[in-house]
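In the working numbering, the protein residues as written are -6 to 487.
Even for Gly, the Cβ is constructed at its ideal location relative to N, Cα and C.
What follows is the structure, given as structure tokens:
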């Protein structure tokens, strides 16, 4: 009888997990419904997912071009796995979205083992906060950040099995292995997974005082350290490894100041990215006729259903609030630490993808202060806000991609046979900078390929389906350039 009840309870929990997985995945995919789940490549996408696989010789890509010198796991998978989806990048977007949802579910399961419950607000901000759109949508970023976060969550899941259920050697080995794999995707992921593992070990040690838990921070330091030793060994092969290896001579105070300045700049644009993004998103939906209105009603339905989510509501005690806020603060700043050891601090929208998890933790106690009815209203409004803002961002990617496509075709149509064969370089003289209207532009957020020679050359090659063109450089009319062995093409930018 007891076995039957146990099995029945287990089946019920599994059914709940499946429902949660499919529900959250559907919610995350709703904004992409507008353009039929189509992915719109920009910038590095042309190089990483067409250019590298097109060479055929992966060892040339890994060792001669030297992609393995930085973020080795991500660089390994670019031509080997993600490049296979070039003809249908929608599949890659679907895989990324699923991994993002799975990382959330793994993290929730992990927290449950430590008797830490989180509200639906945590899931909403984790999956849909507009500031994280670049990190979860743009494949050149998401194949590093989202995939890295998935392995980090998998690592933390096995750590929780080791600390909270049974001290099995296999669980610890899997924790260490997946943590090391996660470190190979992105520097910020490496520091995040290390910090999160240490925090969980501290929570477990506070209850059990088990000395074996000291193995967790040791393993975490070794995993993160292994990445930076790897970069040391690769010094000179790539620009990033050189920047990391040269970090000791950089005045720390200067980078700390730059870090906080740029964080301020990013958050100053948060209003534009969310509130104005929502308004523009609704306009985009109405401009797409009946289909756009259908998507708008789908968003309203999703927001309503999500606001009705069942969860255990209780106000946090003062110690619980302090733990959430402290852990959130640590997890916010930990992924940003690699910026302090490079020659130039460069905080972008994708840089905020992992720190947002820290914000999710810090928001939990505040949300718990509300009564149940106000909580439902907040969930409905925030879900609608996030989804419509995501529609706006999705539309910007489409417009940038389509504008680039028109200009690329104009350039290719004027290229000489010599330029197409790679015996002559090309200079594209633009009447003005190629830009697309967006409500919260910052640094390289959704930029045109006509912003740099490497991006333009990669896009021209992908558009022509030929690696022959050697160099296609963009210049603004009136700028100086060397015309030697150059075909000069003039393009009028609207």
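Shortest Cα-Cα distance from residue 86 to any of 345, 365 and 126 involves 126.
Secondary structure of residue 172 (DSSP, three-state): helix. In the DSSP assignment, residue 480 falls within the beta strand (DSSP E) that extends over 479 to 484. Secondary structure at residue 347: coil, using DSSP grouped into helix, strand and coil. Contiguous alpha helix (DSSP H) elements confined to the segment 265 to 290 occur at 270 to 280, taking only those with 4 or more residues.
For residue 466, the uninterrupted beta strand (DSSP E) segment begins and ends at 465 to 469. For residue 420, the enclosing beta strand (DSSP E) covers residues 418 to 423. Taken through DSSP and simplified to helix, strand or coil, residue 263 comes out as helix. With contacts defined by Cβ atoms closer than 8 Å, residue 172 and residue 190 form a contacting pair. Distance from the CA of residue 367 to the CA of residue 375, rounded to the nearest whole angstrom, comes to 12 Å.
When DSSP states are grouped into helix, strand and coil, residue 32 belongs to the coil group. Around the beta carbon of residue 38, 16 or more other beta carbons sit within 10 angstroms, so the residue counts as buried. Pairing residue 176 with residue 226 gives a Cβ-Cβ distance that is not under 8 Å. At the C-beta level, residue 145 and residue 185 come within 8 Å of one another. One Cα belongs to residue 478, the other to residue 248, and the distance between them is close to 42 Å. Taken through DSSP and simplified to helix, strand or coil, residue 328 comes out as helix. With a minimum length of 4 residues, the unbroken runs of alpha helix (DSSP H) contained wholly in the segment 92 to 163 fall at 113 to 121, 126 to 130 and 132 to 157. Of all C-beta pairs linking the segment 80 to 94 to the segment 306 to 316, fewer than three are shorter than 8 Å, placing the two stretches out of contact. Within its own chain, the residues whose Cβ lies closer than 7 Å to the Cβ of residue 452, once the five positions on either side in sequence are excluded, are 39, 397, 401 and 442, listed in chain order.
According to the DSSP assignment, residue 181 belongs to the alpha helix (DSSP H) that extends over 180 to 201. Relative to residue 313, the option among 76, 110 and 20 whose CA is nearest is 110. Look at the segment 374 to 415 and you find these whole runs of alpha helix (DSSP H), each 4 residues long or longer: 410 to 414.
Residue environment analysis places residue 119 among the buried positions, since at least 16 neighbouring C-beta atoms fall within 10 angstroms of its C-beta.
DSSP places residue 454 in the uninterrupted alpha helix (DSSP H) bounded by 446 to 457. Sequence-distant partners of residue 480 (beyond 5 residues in either direction) whose C-beta falls short of 6 Å from its own C-beta, in its chain, are 409, 412, 417 and 419.
With respect to the C-alpha of residue 331, the residue from 347, 162 and 321 having the closest C-alpha is 347. Remark: three or more beta-carbon pairs, one from each stretch, lie closer than 8 Å, so the segment 379 to 393 and the segment 257 to 273 are flagged as touching. For the pair residue 399 and residue 392, the Cα-to-Cα distance works out to about 11 Å. Closest in alpha carbon position to residue 141, among 70, 208, 223 and 80, is 70. Of all C-beta pairs linking the segment 316 to 324 to the segment 355 to 366, three or more are shorter than 8 Å, placing the two stretches in contact. Under the DSSP assignment, residue 61 falls outside any alpha helix (DSSP H); it carries neither an H nor an E label. Just measuring C-alpha positions, the residue of 33, 95, 217 and 15 sitting nearest residue 64 is 217. In the three-state reduction of the DSSP assignment, residue 12 falls in the helix class.
Contact between the segment 453 to 468 and the segment 44 to 55 is present: three or more C-beta pairs spanning the two stretches fall below 8 Å.
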